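Accompanying notes for the structure given below.
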Amino acid sequence: GAVVSQHPSWVICKSGTSVKIECRSLDFQATTMFWYRQFPKQSLMLMATSNEGSKATYEQGVEKDKFLINHASLTLSTLTVTSAHPEDSSFYICSARDGHSYGYTFGSGTRLTVV
Amino acid sequence: GNSVTQMEGPVTLSEEAFLTINCTYTATGYPSLFWYVQYPGEGLQLLLKATKADDKGSNKGFEATYRKETTSFHLEKGSVQVSDSAVYFCALSDQAGGGNKLTFGTGTQLKVEL
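Residue numbers (our numbering), protein chains in the order written: chain H, 3 to 117; chain S, 96 to 209.
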C-alpha cells in the first residue's frame, strides 16, 4: 500500500535554531500534502495544505513565516520550523494525498522538543 | 462548516468486550467518512472508510456504517483485544464544503485490559 516516510522521528534543538522535517511519498505521487500539529492527548490541528509547485495554504492562526512549507516535487514536502521556541515543542505529522486514489496516507510523525 | 464529534474517552474495556465509539458529523456536501487509529508515539493509520450513505467499512474486526439519516459513523468491534489499545479518530472529507482536507474529531482513547 501507499507509504509516507517522515524524518526525523524525533529531534531536540536549541531555542532560536531552525529545524527541517521531511515528508516523502515512497510509492505514489502526492499531489497534495498536509501538515498537522498534535498537542498531548489532543486531536490533530491542520497547519497548512500544500500542492506541488505552488505556495502552501495556511490555516488561520498559523504563522507562515515561522512554519515554512515547501512542496517542490510530487514526492517531497518539507516543514521548517524557524527560530524555534519551547512553545513550538509538539508532535508534527504529515499526510499525503494520492492524486489517483484520493486516499490519505500519514507519516509516522516527528516529536520536536525545543530546549 | 464541517465538524466531527466523538465521544470523550478514555474508554476502558476488558478483553473480549464489545466496543462502540460514537461519531457524528456535520458537513456541507456528501462527505467520505474515515476512522483512523494512532498507537503511542506514531502517526495515524487508516482503519476503515466509507464513501457514501449505507456503505459499511470494515477492517481487522472493526466496522462502521455510514448513516446519512442520523449523520453518524459509529465504530464497533465485537471482541476487543489488548492490542487494540490506541487512540481512535473519526474524520470526514468533504470535497464540496471543505476542499480536499480532512476534518478530525477530538479522538477517543481506548484502553483494553486483561
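Ideal Cβ positions, reconstructed from N, Cα and C, are used throughout, including at glycine. Just so you know, these numbers come straight off a predicted model, no measurement behind them.
At 9 Å on the CB atoms, spell out the chain H contacts of Lys223(S), in chain order. Residue 223(S) falls outside the range modelled here, since chain S spans only 96 to 209, and no answer is possible.
Residues sharing a beta bridge with Val177(S), DSSP: Taking the second sequence and counting its residues from 1, one reaches residue 177(S) at position 82. Answer by DSSP bridge pairing: none, since Val177(S) is not bridged.
Classify Asp100(H) as helix, strand or coil using the three-state DSSP reduction. Here residue 100(H) corresponds to residue number 98 of the first sequence, with the count starting at 1. Asp100(H): strand per DSSP, three-state reduction.
If I measure Cβ to Cβ from Glu54(H) and keep anything under 7 Å in the same chain, skipping five residues before and after, which residues do I get? Counted from its first residue, the first sequence places residue 54(H) at position 52. Excluding residues within five positions, the ones whose Cβ falls inside 7 Å are Thr33, His73, Ser75, Leu76.
Opposing strand residues paired with Leu209(S) [DSSP bridges]: As a first step, residue 209(S) is located in the second sequence; it is residue number 114 there, counting from the start. Paired residues: none, contrary to the question.
For Leu78(H), which residues does DSSP report across the bridge? Mapped onto the first sequence, residue 78(H) falls at position 76. Answer by DSSP bridge pairing, in chain order: Arg26(H), Ser75(H).
Just list the residues that DSSP pairs Ala145(S) with in beta bridges. Here residue 145(S) refers to the residue found at position 50 of the second sequence. Note: Ala145(S) sits in a beta bridge opposite Leu128(S).
Pair within 9 Å by beta-carbon distance, Tyr120(S) and Thr166(S): Your numbering for residue 120(S) matches position 25 in the second sequence. Your numbering for residue 166(S) matches position 71 in the second sequence. Result yes, Cβ atoms of Tyr120(S) and Thr166(S) sit closer than 9 Å.
Taking CB distances under 9 Å as the criterion, tell me whether Arg1(H) reaches chain S. What the structure shows of chain H is the stretch from 3 to 117, and residue 1(H) is not part of that stretch, so it cannot be assessed.
Between Ser56(H), Gly105(H), Ile95(H), Val117(H), which has its C-alpha nearest Ser7(H)'s C-alpha? Locating residue 7(H) in the first sequence gives position 5, where the first residue counts as 1. Ranking Ser56(H), Gly105(H), Ile95(H), Val117(H) by Cα distance to Ser7(H) puts Ile95(H) first.
Could you name the residues of the same chain whose beta carbon sits closer than 7 Å to that of Ile14(H), not counting the 5 residues immediately before and after it, in chain order? By one-based count along the first sequence, residue 14(H) stands at place 12. Only Thr115, Val117 meet the Cβ criterion.
Can you find the residues in the same chain that come closer than 8 Å, C-beta to C-beta, to Ser11(H), ignoring five residues on each side of it along the sequence? To locate residue 11(H), count along the first sequence from 1; it is residue 9. Correct list, in chain order: Ser110, Gly111, Thr112, Arg113.
Report the CB separation of Gly173(S) from Gly156(S) in whole angstroms; it is logged as a contact under 8 Å. The count along the second sequence starts at 1 and reaches residue 173(S) at position 78. The count along the second sequence starts at 1 and reaches residue 156(S) at position 61. At roughly 7 Å, the Cβ-Cβ gap stays under 8 Å, so Gly173(S) and Gly156(S) are in contact.
Euclidean distance between Cα positions of Thr146(S) and Leu139(S): For this step, residue 146(S) is matched to residue 51 along the second sequence. For this step, residue 139(S) is matched to residue 44 along the second sequence. Thr146(S) and Leu139(S): Cα-Cα distance of roughly 19 Å.
Does the Cβ of Ser2(H) have 16 or more other Cβ atoms within 10 Å, making it buried, or fewer, making it exposed? Since the first residue of chain H shown is 3 and the last is 117, residue 2(H) is not available in this structure.
Let me confirm a value: Thr107(H) is counted as buried when at least 16 other C-beta atoms fall within 10 Å, else exposed. Which label applies? In the first sequence, residue 107(H) corresponds to position 105, counting from 1. Burial call: buried.
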